[in-house]
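Peer 1: Position one of the sequence shown corresponds to residue 1 (full-length UniProt numbering), numbered consecutively onward.
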Amino acid sequence: MRLLFLLPILNLFPTLPFNLSSFHLGGPTTFFLVWLGTFKLILFSFNQGPLALSPPNILHFISIASLPINPKQHSPTKNNHTNNTQKPKWLLLLKVLIFAMIIRAYDYREKLHAHFILVLYCCHMYLGIKFVLALSPILIRTLLGFEIEPQFNEPYLSTSLQDFWGRRWNLMVTRILHPTIYYPIYPIFICFVGPSCAMTSAMLATFLVSWLMHELIYYYLTRVTPTWEVMCFFVLHGVRTTAEMATKKQPDDPLCAALLCEAVAFIKTQILLLQSAYKIQDVKSLVRAERYGFQSHFPLEQRPTSSRGNQDITWQKLRRDPLFIEEDEVVGLDGPRGILENWLTKGRKKRTVISVVGIAGVGKTTLAKQVYDQVRNNFECHALITVSQSFSAEGLLRHMLNELCKEKEEDPPKDVSTIESLTEEVRNRLRNKRYVVLFDDVWNETFWDHIESAVIDNKNGSRILITTRDEKVAEYCRKSSFVEVHKLEKPLTEEESLKLFCKKAFQYSSDGDCPVKVIGVIIIVMGKKREKFEEENARK
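Written as structure tokens, this is what we have:
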């Protein structure tokens, strides 16, 4: 009955963040209500969880349901692992000192490595949350009149993943997921696979739900399609945690050990296949960059190095090829070329994204490069960059900056190490200028999120030309820019196909056409094939 009456509220919570445009409102609302509030109300429907302790008034009920707090239970419980001993005062002073040093270190971020800055961000986030949570019990005690359980329990003292996730990190989430996911699933599986494997299955299910909720929070805040890094993180941690628990218990059930080994092997195999797929796409993009004279965003040290002797010859041959395809080598693209040239040079003054969409091999890069060469002199700045499937935001911005500096015969700045500083450098070089940038081989929508701030809208007719196989990439740019889409899907006619074949197969003959002797041989062969076909039909 409780669940029936709570359904309108449970239906409201997931839709509420979509109506909030502020990050500072959307973030807490997503975590407090969509995740914790929803799970607390579901538990309350079955007389479980912190809301089932019958709060004395409606204010307490709403506060516990909508805030990340949990009233402290006065009676000790079996699963209460929180260390309630008084922490020494010098430890708090040390944390304050470290926090102040982190804030001060931001003044020198231009000289720090990007990975070190990422560590600073993580420490900053943890200490900031720690200080806020340290003040929360005082406010709750003053306003509501009850004590709350701590949210963290010195996670840096963890001795294992089980200790970290179960007893020290974000304990509110742990207390919510255990009764909603772990405890209901465990008795179901125990009837089929035994207690050891039931524990493994319930633990993995708990981590999977945690992953789904983290992905949901990320989507609410960014409206960006998930890229599955969070999934890999939680699945790997779930497998490692269950392996730790299985090792400690030392189960005698061989089925559990076999399932655990299979799970680890499967995940490792999928990761290896994913990495191999990305590497293949990277090599393809590098070849395209070398062929068309693009500025690839691959660092030199990340380029393929196996079989160095043969590959060096290949790369040298590619570099000796003309950097730009001659116009008379292109067949069947005259119509689309005129459309793109018109979009690039005429029309609105606001920044416009022009997308060439088509399947692999249809001629997207050839067309875009030809048009780019034709119109680039109409712009003050121009750059060509290949984007691969596994591109990084930092690498993309850095190579865009290098290309812009190369055009002006300037040395690129060496003390730029963060995405924010790279974005600002690119913006400074494009500010108040009419520019055109060609991004070739774009695979997903996150590309626009990374460069949107860098490609400043000067309202002077700047253009961004991209080639992609996915029309969603172009449509995604509409959220902050005008977009024109040209679908390159019309195949060559028989006459155009023959013309292209002759250009490639007989490009060194005197007239560029198929030699007469070859035509004679073809006629003879085709005549014999026809005679043989007619004889076989006559016999039948």
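For each residue, glycine too, the CB sits at the ideal point set by N, CA and C.
With a 10 Å radius around its C-beta and 16 neighbouring C-beta atoms as the bar for buried, classify residue 543 as buried or exposed.
Peer 2: Only positions 1 to 540 of the chain appear in this structure, which leaves residue 543 out of reach.
Peer 1: In three-state DSSP terms, what is residue 393?
Peer 2: helix
Peer 1: By how many angstroms is the C-alpha of residue 368 removed from the C-alpha of residue 510?
Peer 2: The predicted model places residue 510 with a pLDDT of 49, which falls under 50 and marks its position as unreliable, so this point remains unresolved.
Peer 1: Could you please give the first and the last residue of the uninterrupted alpha helix (DSSP H) stretch that includes residue 384?
Peer 2: Counting along the chain, residue 384 falls outside any alpha helix (DSSP H), though it belongs to the beta strand (DSSP E) covering 381 to 386.
Peer 1: Given this structure, state the Cα-to-Cα distance separating residue 13 from residue 48, to the nearest angstrom.
Peer 2: 20 Å
Peer 1: Can you give the Cα-Cα distance for residue 417 and residue 502, rounded to whole angstroms?
Peer 2: Taking the straight line joining both Cα atoms gives about 50 Å.
Peer 1: Tell me residue 352's beta-bridge partners as DSSP assigns them.
Peer 2: As a beta-bridge residue in DSSP terms, residue 352 pairs with 463 and 482.
Peer 1: Exposed or buried, what is residue 411 when buried is set at 16 or more other beta-carbons lying within 10 Å of its beta-carbon?
Peer 2: exposed
Peer 1: For residue 176, which of 348, 406, 50 and 481 has the nearest alpha-carbon?
Peer 2: 50
Peer 1: Taking 8 Å as the cut-off, decide whether the C-beta atoms of residue 422 and residue 372 are in contact.
Peer 2: No, they are not a contact pair.
Peer 1: Using the beta-carbon count (16 or more within 10 Å), is residue 169 buried or exposed?
Peer 2: buried
Peer 1: So, is residue 445 buried or exposed, given that buried needs 16 or more other C-beta atoms within 10 angstroms?
Peer 2: buried
Peer 1: Sort 376, 105, 109 and 10 by Cα distance to residue 415 and report the nearest one.
Peer 2: 109
Peer 1: Taking the C-alpha atoms as reference points, what is the distance between residue 196 and residue 145?
Peer 2: 43 Å
Peer 1: Check residue 20 in the structure and name its three-state DSSP category.
Peer 2: Annotated three-state conformation of residue 20 is coil, per DSSP.
Peer 1: Compute the distance between the beta-carbons of residue 365 and residue 468, then report whether it is under 8 Å.
Peer 2: no
Peer 1: Find out if the Cβ-Cβ distance for the pair residue 32, residue 10 is shorter than 8 Å.
Peer 2: no
Peer 1: Are the CB atoms of residue 354 and residue 463 within a distance shorter than 8 Å?
Peer 2: yes
Peer 1: So, using beta-carbon positions, are residue 362 and residue 465 closer together than 8 Å?
Peer 2: Contact flag unset, no.
Peer 1: Which whole-angstrom value describes the C-beta separation of residue 473 and residue 426, a residue pair presumed to lie in contact below a C-beta threshold of 8 Å?
Peer 2: No, residue 473 and residue 426 are not in contact; Cβ-Cβ is about 20 Å, not under 8 Å.
Peer 1: With H, G and I counted as helix, E and B as strand and the rest as coil, what does DSSP make of residue 487?
Peer 2: strand
Peer 1: Between the C-alpha atoms of residue 178 and residue 213, what's the straight-line distance to the nearest angstrom?
Peer 2: Distance between the alpha carbons of residue 178 and residue 213: 15 Å.
Peer 1: Have a look at residue 137 and residue 150 and give me their C-alpha separation to the nearest angstrom.
Peer 2: If you draw a straight line from the Cα of residue 137 to the Cα of residue 150, it comes to about 8 Å.
Peer 1: Less than 8 Å between C-beta atoms, sequence neighbours within five positions excluded: which residues of the same chain meet that for residue 376?
Peer 2: The answer, listed in chain order, is 382 and 436.
Peer 1: Please report the straight-line C-alpha distance between residue 6 and residue 17, rounded to a whole angstrom.
Peer 2: 19 Å
Peer 1: Kindly indicate the opening and closing residues of the beta strand (DSSP E) around residue 457.
Peer 2: Where residue 457 is concerned, there is no enclosing beta strand (DSSP E), given that its DSSP letter is neither H nor E.
Peer 1: How far does the alpha helix (DSSP H) with residue 220 in it reach, from first residue to last?
Peer 2: 183 to 222
Peer 1: Is there contact here, the segment 92 to 107 with the segment 124 to 138, by at least three beta-carbon pairs under 8 Å?
Peer 2: yes
Peer 1: Evaluate the contact criterion for the segment 478 to 486 versus the segment 230 to 240: three or more CB pairs, one atom per stretch, below 8 Å.
Peer 2: no
Peer 1: From the DSSP output, in three-state form, read off residue 227 for me.
Peer 2: coil
Peer 1: Once DSSP output is grouped into helix, strand and coil, what is the label at residue 239?
Peer 2: In this structure, residue 239 counts as helix in the three-state DSSP scheme.
Peer 1: Under the assumption that residue 209 contacts residue 181 (Cβ atoms under 8 Å), give the Cβ distance between them as a whole number of angstroms.
Peer 2: Contact between residue 209 and residue 181 holds: their C-beta atoms lie close to 5 Å from each other, under 8 Å.
Peer 1: Taking 8 Å as the threshold (C-beta atoms), are residue 58 and residue 140 in contact?
Peer 2: no
Peer 1: CB residue 53 to CB residue 71, shorter than 8 Å?
Peer 2: yes
Peer 1: Quick check: the Cα distance between residue 207 and residue 200, rounded to an integer number of angstroms?
Peer 2: 11 Å
Peer 1: Is the separation between the beta-carbon of residue 242 and that of residue 203 shorter than 8 Å?
Peer 2: yes
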